[in-house]
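Residue numbers (UniProt numbering), protein chains in the order written: chain R, 1 to 673; chain B, 1 to 673; chain C, 1 to 673.
Note that the Cβ used here is the ideal one computed from N, Cα and C, for glycine as well.
All figures in this text were calculated on a predicted structure; none of them were measured in a lab.
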């Protein structure tokens, strides 16, 4: 189990005392793995062609001989000043077509031939020098890839990408983007420009293809970076660190990670939830963390790494509150529970200057092992040492929620509905909540993954959906699956062109009904839906439904569609479908999914009785379940095990009722033989 | 009575099935008029000098032979990409002096000689080909003219415009703009630049002349467009579509429509009120619509056209709620009631792609005549067929409110008072409200129009007023008119230079008092005015008044001007004047104007007894009144006719009390012989 | 005592009647001093090398022969258009590297050699012509220096400044700025660029040095301006007008006035509090005004001038409310009470046009001496005539609060803590409040000033502190001083590099404790501190403290640090120190400082018994106290003098209890023999 994090000795090369302290403190903190070299380019190549690897040699040696391992980063996340100065083409041009100056980080042009050459060159030197070092366990490519560039090279690359996609047929592009609208027809490829606030920005097909291109060009840059690594160190796995978007804590939106994941050996991500904030409960936030973990785990259906986290607070939120005692262990264990094989930090040691000097770290400016945060890290380290069996184990799920990056881009870009109430990722988290509360494992999958593995597939707000995906959904239900779909689904195809002639006939067949109007509501509008014995408030969206062979499960209470269907179900061949026409409250989702859970006999992998705010997540080995019982509340909680389990940390056997303190976590083991 | 709207067959040229469906659906929807060619330039001239009119020939034929008529648009609202690419001078430069890229629409340089040549050329070809087609009933010039350009050509044109205005006398310009302030004196014409956030932006005289220039240059561009049309089709009337500003629904501010109106044969406008919103009552919003209608009707004192509206919702509001059943008929009839001779839509058919695909339309993506919206359109069509007598009839008013675009620009630009509480157009709507509630017809006129035609002239917040206008106001009162003026009036002349030596002596004569201080209040400040037996809250502004021969009608309750005059009246020669010193609440305006209505014996054209939220508006033919009785509430309303009238839709005779359903409208006829 | 203000006759040169009225009105208003020539460059040099001084000669003569005096301004605050047109290098480039157009004011490049030459030239001509005029009493250099430029000349000057500072040692700069973070190491001086939103903006050392450079370059420009004045008029004192930042009314932040003050003979400033606003009480605002006055007075430990103020309202606040009757006298007297030797206005007369025509003035557009504002000015004038003895007298204080511009820049730039809750200047005002309420004189001093003069030194939030300052603080306490420090102090050195190894050992010695964590709270988080018998709410920040030899004076009530020290005290050698760990409420500060006031026997210079909202401030001559008793409430207030005093305006003797009306001020004299 990897424990450690980003280590920047290049900031302390004139402080050998500090470098020596680091080695001592690493042992004291029970850490074993360090990501080195992120942003070290200036230290490695202080002038063009002048290299300085000696310091890194020493770091490798010192860490390794003290029992540690190294994740080696390629340094492309930030360039040396000499590189920008000599080759200005590496600087980005923003969407307003302003050339950026040197500075910051994560801001190189992904198309620049020079930058590709320079990064490949330094990566090759790193692979040559360290590829066979026994301490090297993984490559960390660049850092938090993101952003986009609108320079001439990128315009050229974008046009090239489009020619490939549309097979050199400009009419096909014009048709796909519906350019006859507003006279936007292109008569020559050279007229195509990336979206811009000072130019074209309302052609949704262009916007969508641009986002696809940005993902593909980022991957292309990444692929260029790893050429020498794959060549020279074919057995060293490759990762890059994914992100989430704050403050709502939703999956990172700017890049389609479902594409990127295919190019990685291991997914890793940087998790920075704002624990103890004043706008949501701890359990609410934990649920959102669980959702993203389940998405990033499901992308490759394998364990992932937590590449960055903070043992205390961050320094870039509006309010940078520190983790309360116990929260660091609890929040770290949650990552493991959902599939992580590591607890890594940004950062090992706080820097003395510049913009991240107050970001949480294992070692503070006091350089001490005696402060609270250091001790909490050491406790996590000690705990992880008891959990080595968990490494490599996975999770299984009968339930899947479909998340689609392209759909998120298209729905956010759509002119229509409520401009501020799209909230596609947040809606998925709302659907995920009940399963998390009931400890039922969920995969969050993409449209390309196999649906047949699941009993229940939940597809909220799938605005953009190809005919191919519709067929696959139909096949899923036909073969006995249960499908849930909601308002604003099935509106446009993969080009963001609306389906014509009413809702797609395959969808009508699956659901036995069709949506005929989507009503969009003002924030103060009120309406309700009755379902079973309950009445639930709706917000934002209400679909007017024309039912054909569907069963009416819920009806609207008010407005011109009062007493018409709001929720329907339908038996289609061997399977069943549900359509939820309105954006309903949390209570509805709990009641609705509780019934489905019962109907489909969905169960936790390992049942533990507990109150609200406790989460139980399981990682499964062939003959063992590793069960994480986590109290995400500020109160003591009673939990009850029906069968005997063994506490992996204390070794004690547990059965019946036990008490969890505020934020307490117990990791227990159960043989499944 | 025209019924139909914007039709874009150029988006569907490869779908003859859709074009055939259009003809069938036009009949089913009882529509008869279609605006064609807006944004069709790429379809008409796909490459420079290569024309393709065949598709438009067919559309003309098909519509005409099926009984429809065509409003033909010139295509200048959006350029083909080849035009921007070959002639970059047509692209705008924004106020920050950034050259825009190709894209969007309504963004050409109004000064570009090339663009003027190209637009006149395509317009000439359209006029040659379709000018004699019997289906052609009107020209629709470009679309929603707006915006401004700061390129070198425009700077040159602006300097030329200024030289004309100031008779080549640079000192006259320096004097008018008070440039000795902050050492801004121009010593050469070439130093004059349009206002810019990165340059000059606080010289109010410059800002005001720039806005005037923008209007004049827009009209100049328009005049250039219509040269071939006037030449070849002298009998085909010309319009362009005006707008309103959301969300408050006030007249469009960026162009002085009072100048533009003189260049049009017919005014038309695009009305998009946010019906059923959650911040105002339906009646409040209807009142605002009435105000704009009465302004645009009064500009030429003749009926106008509703050029664009939506049968359901739009797609560009923050929340795009659809019209509830009945609202489409009601809101359409309101337009007629105030002077429209058409109900036209944007758009006939929803496009499949790009940014307006979710904007309301007669034909939805389902391509069906069976949905609710289509049926509501057809009902409007059937109703309009009963109302052909109404076409061409006008309205008469004894009351006028003065609206001045230049005053709005100047008052918004003024540094002083409350920066966020100017609200000139909204204040006029507040004064309009009582008359609307009492069914008394109001003209909303400009400072150039004849005042003598009215018994009562209301002039709120006329901050900018020339000596000429002051004379005309004086003559109006002297001849027996009643004039109402308010706080922040008579402050600056037409150059935005303050009057010196106290309030203008003519104003002092008219009102028998003078304002000596304008107090500006914070939002939470509280003060009251007593008037008759009432006490009314004031907000934002309170004028300290020194009364001379005026009667004190209301006094302040509080602050250092407690017990001093807040409202005065004055007999001046044969007329009477009122000065309202403070921004008072709605109740005050209702009580104040109710008294005036009684004093001046102002009456509805046709009296109908009804409760609040019902509006009765009349169009008058020589021997007939056409009376629109409209329920803008969500409840049933009793209304009562004193004399017998005939329902124009059902043909039944009505007298005494009848009940209007929620949103119901009755159109009745009364012989005035 | 100077009374008068900014006078712009250059706006009225073609209105001799107005200029004649001015002289009459000056007498009627009891004014005697006028700042002339601000923004008069176009009038003085209408074309390059063509001068026109005749009008200014006349103004000098007319004012002087009518008993007035002149403060002559250099005209660099706004350039003529011909200058920008011929020498575009004088135009600023903003941080986004956009060259500005001509326009506005206060926007020249401080590095431009041409502009330095041109300004020195016009200043020399002014000094030659008016330097010996008996009416000239002071130079007013430019106007409200502010802003920054990023042009190539400025980049060059910045690099030059850095080379000087770092002794041509690029490694020293890299070390100071911690550029090894994010690979930002400079390998050549030419790579250094000023901070930019499109480039480098997160290197705090760079940002801090840039702000220092901007101050130094502004002073360098100022020094260039005064060369001919110092040469030709060595006895005429020199000032420039400082500012405050609205709306919170805190010291001006963009320039380090503690450096600038050393270059001035007299400090003057422009005070525009938003009296009568709706978010704070009059007394709250008066306290803030007092704080800034005490800072600007303490910078040179001598009287200052009020260079600009308004007799009514301004025109650039969001809501421009006018001063209520009495407030003008009261607020003017407050300036005197804290050390001003003048009451000067912007502006003498309202202009007719452009952006400041509605800014308050002595003479309104009515050109009358009969309006309320004019009369209130005249009353101030009459009062000032009774107060000539006060001129030149100063104040003495036993209490000092330390204000540091560099600390404010660094703490605001810091990534960490709460982004919106830094509020360093506002926190100082919170500490100042109790002393203001108790009429105890406070100096607000800088880190360079002598600490030994004070019994009590208050140092809140001194995030950035050099080792030298730490030593001086230590020496202050060791010698018997009492020192108060708070949360977020002693974090970084003068390069914004954190202290390593825990809190500085000297600080630990002084305080007998060390802060170990700074907790940052969300707005809705709640916690409390108990101190003596009280419980006080904390907000935003709470320091976890490890006490060594300190006394625990207050403890936290809640959270994981409940019952641990929140407030400590410590005897260090002959002195005492207090550490306040949390941001506590006003009541705490009142109770805490009341105890200290008692312990240290701090007393008002002249004791007057009064209720809340009354302020008593004293100016001290060798044998007289001049006592300002001011009622900053909207109610009558009883005040009581223990000994007999003489009212300086009425001449009457006062003793015992008297009543002050709302906003009333009494200025009384007391012999101190």
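Item, Value
"With 16 other Cβ atoms within 10 Å as the buried cut-off, status of residue 383 of chain B", "buried"
"Check whether residue 205 of chain R and residue 496 of chain R have beta carbons under 8 Å apart", "yes"
"Three-way DSSP call (helix, strand, coil) for residue 66 of chain C in this model", "coil"
"Partners in chain C for residue 541 of chain B, counting only beta-carbon separations shorter than 7 Å", "Simply none; closest approach about 11 Å."
"Cβ-Cβ separation, residue 40 of chain B to residue 75 of chain B (assumed contact under 8 Å), whole Å", "5 Å"
"Test: residue 202 of chain R CB closer than 8 Å to a CB of chain B", "yes"
"Distance cut-off 7 Å: residue 457 of chain R Cβ against heavy atoms of the ligand HEM", "Inclusion of the ligand HEM in the displayed structure is not the case, the ligand content being empty and no account of it being possible."
"Any 3 or more C-beta pairs closer than 8 Å across the region 256–265 of chain C and the region 317–329 of chain C", "no"
"Residues near residue 684 of chain B in its chain [Cβ-Cβ closer than 7 Å; skip 5 each side]", "Nothing about residue 684 of chain B can be read from this structure; chain B reaches only from 1 to 673."
"Terminal residues of the alpha helix (DSSP H) in which residue 620 of chain R lies", "First-last for residue 620 of chain R: 614–620, but that is the beta strand (DSSP E), not the alpha helix (DSSP H)."
"Environment of residue 51 of chain C [buried if 16+ CB atoms lie within 10 Å]", "exposed"
"Cutoff 8 Å; reference residue 503 of chain R; Cβ partners in own chain excluding five residues on either side", "490, 514, 515"
"Any C-beta of chain R under 8 Å from that of residue 93 of chain C", "no"
"Under 9 Å from the C-beta of residue 193 of chain R: neighbouring residues of chain B", "101, 102, 103"
"Buried versus exposed, by CB contacts within 10 Å (16 or more), residue 673 of chain B", "exposed"
"Where residue 129 of chain B falls: helix, strand or coil (DSSP)", "helix"
"Own chain partners of residue 674 of chain R with C-beta closer than 6 Å, once the 5 adjacent residues on each side are dropped", "As shown, chain R starts at 1 and ends at 673. That puts residue 674 of chain R outside it, with no answer to give."
"Beta-carbon proximity of residue 377 of chain B to residue 311 of chain B, cut-off 8 Å", "yes"
"Sufficient close CB pairs (3 or more, under 8 Å) joining the region 363–375 of chain B to the region 428–435 of chain B", "no"
"Proximal residues of chain B, C-beta to C-beta of residue 98 of chain C below 7 Å", "198"
"8 Å Cβ cutoff, residue 404 of chain C in contact with chain B", "no"
"Among C:179, C:89, C:141, C:292, the one whose alpha carbon lies nearest that of residue 428 of chain C", "C:292"
"Chain-ordered neighbours of residue 334 of chain C on chain R, where CB pairs are closer than 9 Å", "In chain order: nothing, as chain R lies at least about 37 Å away."
"Residue-chain proximity (residue 319 of chain B, chain R), Cβ-Cβ < 8 Å", "yes"
"Proximal residues to residue 188 of chain R (C-beta, below 8 Å), its chain only, five neighbours per side dropped", "170"
"DSSP three-state assignment for residue 552 of chain C, whether helix, strand or coil", "strand"
"Partners in chain B for residue 371 of chain C, counting only beta-carbon separations shorter than 7 Å", "516"
"Under the three-state DSSP convention, the category residue 232 of chain R falls into", "helix"
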